[in-house]
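Enquirer:
What follows is the structure, encoded as structure tokens:
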């Protein structure tokens, strides 16, 4: 028996409580039952996003919510500054191009970040910039961008800061209101421990003001229209009902753990994973603040990282992820977000030791686990 | 004990087999396991849509798929003919307006349909029309439009016929290839017996040709890009994995029943429901071919139909639907699509008898059930 383990950087495992909640007979979305469900979900989302603003759920993946953020706040020809240091930074660029925006491209090599000072310079040089687009956690490289500093910089200007928090919401601290992030985009399948299928957009007042002048065409993703329904605890179009039911359970689990503890847990899992990898002589891919959501690791010299991904799957029934695009073969990624706890990390590292040995690498068995254990027994 | 029964015109109940399949541990969408799942789903969808074309699934509701159909085949300023005789016809109009299309508005009063001859005239008078937008089953009124005739008319022109089959796919016969329908839009939560959260677009060659000249902006809903991934059994963005898992089960159930039998079942349920309502002296709302998906019924004179909907819910724990928009209070709708069988209809009608009696109406108890039973015992 090889127990199946999902340890990729999303989708993440779904707790049985949530799976079973979603397996209950489906309810209709224009009923008092759904309204009661949505009232609870609506309040829970505000806590999770750390905002007094409304969080608008949409039936789509995170990419749909990214597009919603753009088409609701901008107009064709508007200038946007794109922080781009990975595949999801590329996605902002592709969306901006598809909608005819004028792009100020702030790139950094994969594994690095864009310094807030560069963003500050760009916004001074280009006062016409209407929005800054960035990730919080760049899932393709495992780097955490300094959104707090980006927000401080952007606040000096008329531009809004739009943050893709798909792999950071409920994982890394992102106090939307306290930091002054104008628009946060998220998805259901990472920190929220749900199946994919719901995206979220949360807009503060500055961002809602931008929607009034935005002329990009939209219908399904029209957030102004969505807000009217959210405010009444109603739905505009048929929602992904079963995932909303699961969302209530997931929010209850996060609430019971406490958001501060949720962030601490992810930080410990990430530190333990990094320590374990380094104990095996492996190099971390992130050359800047690593994300608590996942750890991107370079394979040993001469080893194609795709072989590591394949060995995890074939020998141990564990799904991890490789590198995307130009990073293919050059890194592998261990997810430790959402429904992930200490002994999952022990499993991931133990499997890594076996995988490396199978691939002919010298391995000091137990060394990665030892490094992780030292972090887990720290007084928090 | 009052067993909960969902008898609205969508979402429809989900079979336990499907709910439990979706409650299994979630799998990753870039793995051989997902590929094997998608291969089966892809083939099953083609059979269900009765086409050799690819069916593109999208993580969104049916409305998102309607928008995808428009933005992928048309350009701003293009003329479209909209067949409009209900709330979902209105939705085509709203999408067309949001994207700056020029609208030839072919309306009929709610409960009626638009004759194919009127469409033929419109296409002659307006040879510039690039697409005809219609529903197959108009869920708000319970009318089935004559899509076969619309297709025959549209085929004479350069225009494509785009059909919203959200509440007809797997319910009413719609042989896409045989009838020459160019683009079929559907959703997961009706005939497919799944939770809402997946939309579908199937395009024939004529429709794919239109995508090459379409300049409306799109990214998330870019079907040309989606097709490249579908053709390789891969996914472009994170799909609604759990619903795709359920989709495989649902397709297996429909395949086992046989599509011809599925259509016959819906036809019998619809005829029985209509006969039952008429046996109680009620008037059907549809003044034209009624949809096999649902039956819209006028309340007795002087009774607000919202009271009937409320009584179903409060006294019997059964969710049905009322009228939408200007039809509110003037009709109630019994769904009999998807996971619906003979004795569900018996339940719906028995409850209706009790509801009417509770509202002070004279009722010959058993009369609606007798009418339905006579249809169920017919040799098919």
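Residue numbers (this note's numbering), protein chains in the order written: chain A, 96 to 475; chain B, 96 to 475. We put the CB at the ideal spot given by N, CA and C, even for glycine. Only a predicted model underlies this, so the values are computations on that prediction, with no experimental measurement involved.
(1) CA-CA distance, residue 266 (chain A) and residue 242 (chain A)?
(2) Nearest-angstrom Cα distance between residue 389 (chain A) and residue 447 (chain A)?
(3) Determine the DSSP secondary structure at residue 249 (chain A), reduced to helix, strand or coil.
(4) Going along chain B, which residues have a C-beta under 7 Å from residue 332 (chain A)?
(5) Whole angstroms are fine: how far does the CA of residue 366 (chain B) sit from the CA of residue 381 (chain B)?
(6) Got a sec: which bits of the stretch 322 to 351 of chain A sit with their beta carbon under 7 Å from any beta carbon on chain B, in order along the chain?
(7) Which residue's Cα is closest to the Cα of residue 332 (chain B): A:209, A:246 and A:282?
(8) Would you identify the three-state DSSP class for residue 232 (chain B), choosing helix, strand or coil?
(9) Checking contacts by CB at 7 Å: is residue 82 (chain B) closer than that to chain A?
(10) Mind checking residue 222 (chain B): buried by the 16 CB within 10 Å criterion, or exposed?
(11) At a Cβ threshold of 7 Å, is residue 126 (chain A) touching chain B?
(12) Using three-state DSSP, classify residue 225 (chain A) as helix, strand or coil.
(13) Spell out whether any CB of chain B is found under 7 Å from the CB atom of residue 421 (chain A).
(14) DSSP state of residue 399 (chain B), grouped into three classes?
(15) DSSP state of residue 295 (chain A), grouped into three classes?
(16) Residues in the stretch 189 to 202 of chain B with C-beta within 8 Å of chain A's C-beta atoms, listed in sequence order?
(17) If contact means a Cβ-Cβ distance below 7 Å, which residues of the stretch 99 to 111 of chain A contact chain B?
(18) Given 6 Å as the limit, tell me if residue 453 (chain B) has its C-beta closer than that to any heavy atom belonging to the ligand ATP.
(19) Strictly under 7 Å for the Cβ-Cβ distance: is residue 290 (chain A) near chain B by that measure?
(20) Could you check if residue 233 (chain B) is buried or exposed, using at least 16 other CB atoms within 10 Å of its CB as the buried criterion?
(21) For residue 140 (chain A), I'd like the list of residues in its chain whose CB is within less than 6 Å of its CB, leaving aside the five on either flank, ordered along the chain.
(22) Where do the ends of the beta strand (DSSP E) carrying residue 282 (chain B) lie?
(23) Residues of chain A with a CB under 7 Å from the CB of residue 152 (chain B): which are they?
(24) Within the same chain, show all residues whose beta-carbon is closer than 7 Å to that of residue 184 (chain A), passing over the 5 residues directly before and after it, in chain order.
(25) Write down the C-beta distance between residue 445 (chain A) and residue 374 (chain A) rounded to the nearest angstrom, noting that I regard them as a contact closer than 8 Å.
(26) Taking Cβ positions only, does residue 162 (chain B) come closer than 7 Å to chain A?
(27) Look up residue 414 (chain B) in the DSSP assignment and give the residues it is bridged to.
(28) When DSSP builds the beta bridges, which residues end up paired with residue 202 (chain A)?
(29) List the residues of chain A whose Cβ lies closer than 8 Å to the Cβ of residue 441 (chain B), in chain order.
(30) Would you kindly work out how many angstroms separate the C-alpha atoms of residue 105 (chain B) and residue 370 (chain A), rounded to a whole number?
(31) Have a look at B:337, B:432 and B:197 and flag the residue whose alpha-carbon is nearest the alpha-carbon of residue 121 (chain B).
(32) To the nearest angstrom, how far is the alpha carbon of residue 158 (chain B) from that of residue 357 (chain B)?
(33) Please report the straight-line C-alpha distance between residue 291 (chain B) and residue 335 (chain A), rounded to a whole angstrom.
(34) Any Cβ of chain A within less than 7 Å of the Cβ of residue 121 (chain B)?
(35) Closer than 8 Å by C-beta to residue 130 (chain B): which residues in its own chain qualify, once you throw out the five before and the five after it? Chain order, please.
(36) Determine the DSSP secondary structure at residue 333 (chain A), reduced to helix, strand or coil.
Expert: Inspection of the coordinates gives the following:
(1) Along the first chain, one-based indexing puts residue 266 (chain A) at 171. Along the first chain, one-based indexing puts residue 242 (chain A) at 147. Spanning the two alpha carbons is a distance of roughly 14 Å.
(2) Taking the first chain and counting its residues from 1, one reaches residue 389 (chain A) at position 294. Taking the first chain and counting its residues from 1, one reaches residue 447 (chain A) at position 352. The straight-line gap separating the alpha-carbon atoms of residue 389 (chain A) and residue 447 (chain A) is approximately 15 Å.
(3) Position 154 of the first chain, counted from the first residue, corresponds to residue 249 (chain A). Taken through DSSP and simplified to helix, strand or coil, residue 249 (chain A) comes out as helix.
(4) Stepping through the first chain from its first residue, residue 332 (chain A) is reached at position 237. Near residue 332 (chain A) (Cβ distances below 7 Å), the residues of chain B are 156 and 158.
(5) Here residue 381 (chain B) refers to the residue found at position 286 when the second chain is read from its first residue. Here residue 366 (chain B) refers to the residue found at position 271 when the second chain is read from its first residue. Using only the alpha carbons, I get a separation of about 13 Å.
(6) Per Cβ criterion, the list reads 332, 333, 334, 335, 336, 337 and 338.
(7) What you label residue 332 (chain B) is simply residue 237 of the second chain in a count that begins at 1. Per the Cα distances, A:282.
(8) Locating residue 232 (chain B) in the second chain gives position 137, counting from the first residue. It is a strand residue.
(9) In the structure as shown, chain B starts at 96 and stops at 475, and residue 82 (chain B) therefore has no counterpart that could be examined.
(10) Residue mapping note: residue 222 (chain B) aligns to position 127 of the second chain, counting from 1. Exposed: under 16 other Cβ atoms inside 10 Å.
(11) Here residue 126 (chain A) corresponds to residue number 31 of the first chain, with the count starting at 1. For residue 126 (chain A), the nearest beta carbon of chain B is closer than 7 Å to its own beta carbon.
(12) As a position in the first chain, residue 225 (chain A) is number 130, starting the count at 1. Correct three-state label for residue 225 (chain A): strand.
(13) In the first chain, residue 421 (chain A) corresponds to position 326, counting from 1. Under the 7 Å criterion on CB atoms, residue 421 (chain A) is classed as non-interfacial with respect to chain B.
(14) Locating residue 399 (chain B) in the second chain gives position 304, counting from the first residue. In the structure shown, the three-state DSSP call for residue 399 (chain B) is coil.
(15) What you label residue 295 (chain A) is simply residue 200 of the first chain in a count that begins at 1. When DSSP states are grouped into helix, strand and coil, residue 295 (chain A) belongs to the strand group.
(16) Of all residues in the stretch 189 to 202 of chain B, the ones placed with a Cβ closer than 8 Å to any Cβ belonging to chain A are 189, 190, 193, 194 and 195, in chain order.
(17) Within the stretch 99 to 111 of chain A, the qualifying residues are 99, 101, 103, 106, 108 and 109.
(18) Among the ligands in the structure shown, none appear at all, so the ligand ATP cannot be discussed.
(19) Residue mapping note: residue 290 (chain A) aligns to position 195 of the first chain, counting from 1. Chain B has a Cβ within less than 7 Å of the Cβ of residue 290 (chain A).
(20) Locating residue 233 (chain B) in the second chain gives position 138, where the first residue counts as 1. The residue is buried, with at least 16 neighbouring Cβ atoms inside 10 Å.
(21) In the first chain, residue 140 (chain A) corresponds to position 45, counting from 1. The residues are 150.
(22) To locate residue 282 (chain B), count along the second chain from 1; it is residue 187. Counting along the chain, residue 282 (chain B) sits inside the beta strand (DSSP E) bounded by residues 278 to 282.
(23) Taking the second chain and counting its residues from 1, one reaches residue 152 (chain B) at position 57. Those do not exist, as residue 152 (chain B) stays about 12 Å from chain A at its closest Cβ, beyond 7 Å.
(24) By 1-based counting over the first chain, the position of residue 184 (chain A) is 89. Contacts found: 177, 178, 230 and 233.
(25) The residue given as residue 445 (chain A) occupies position 350 in the first chain. The residue given as residue 374 (chain A) occupies position 279 in the first chain. The pair is not a contact, with the Cβ atoms about 12 Å apart (cut-off 8 Å).
(26) Within the second chain, the letter at position 67 stands for residue 162 (chain B). Residue 162 (chain B) counts as touching chain A.
(27) Position 319 of the second chain, counted from the first residue, corresponds to residue 414 (chain B). Note: residue 414 (chain B) sits in a beta bridge opposite B:101.
(28) For the purposes of this step, residue 202 (chain A) is taken as residue 107 along the first chain, with counting starting at 1. Its beta-bridge partners are A:179.
(29) Here residue 441 (chain B) refers to the residue found at position 346 of the second chain. At a beta-carbon threshold of 8 Å, none of the residues of chain A lie near residue 441 (chain B); the nearest stands roughly 19 Å away.
(30) On the second chain, position 10 is the one that residue 105 (chain B) refers to. On the first chain, position 275 is the one that residue 370 (chain A) refers to. C-alpha separation (whole angstroms): 51 Å.
(31) Residue 121 (chain B) sits at position 26 when you count from the first residue of the second chain. When each option's Cα is compared against that of residue 121 (chain B), the closest is B:337.
(32) To locate residue 158 (chain B), count along the second chain from 1; it is residue 63. To locate residue 357 (chain B), count along the second chain from 1; it is residue 262. When rounded, the distance between both Cα atoms is 25 Å.
(33) Here residue 291 (chain B) is taken as the residue at index 196 of the second chain, counted from 1. Here residue 335 (chain A) is taken as the residue at index 240 of the first chain, counted from 1. For residue 291 (chain B) and residue 335 (chain A), the gap between their C-alpha atoms comes out near 5 Å.
(34) On the second chain, residue 121 (chain B) is found 26 positions in, with the first residue counted as 1. Taking a beta-carbon distance threshold of 7 Å, residue 121 (chain B) counts as an interface residue toward chain A.
(35) The residue you call residue 130 (chain B) lines up with position 35 of the second chain. Spatial neighbours of residue 130 (chain B) in its own chain (CB-CB distance under 8 Å, excluding positions within 5 residues in sequence) are listed in chain order as 328 and 329.
(36) Translated into positions along the first chain, residue 333 (chain A) becomes position 238. Of the three classes helix, strand and coil, the one that applies to residue 333 (chain A) here is coil, per DSSP.
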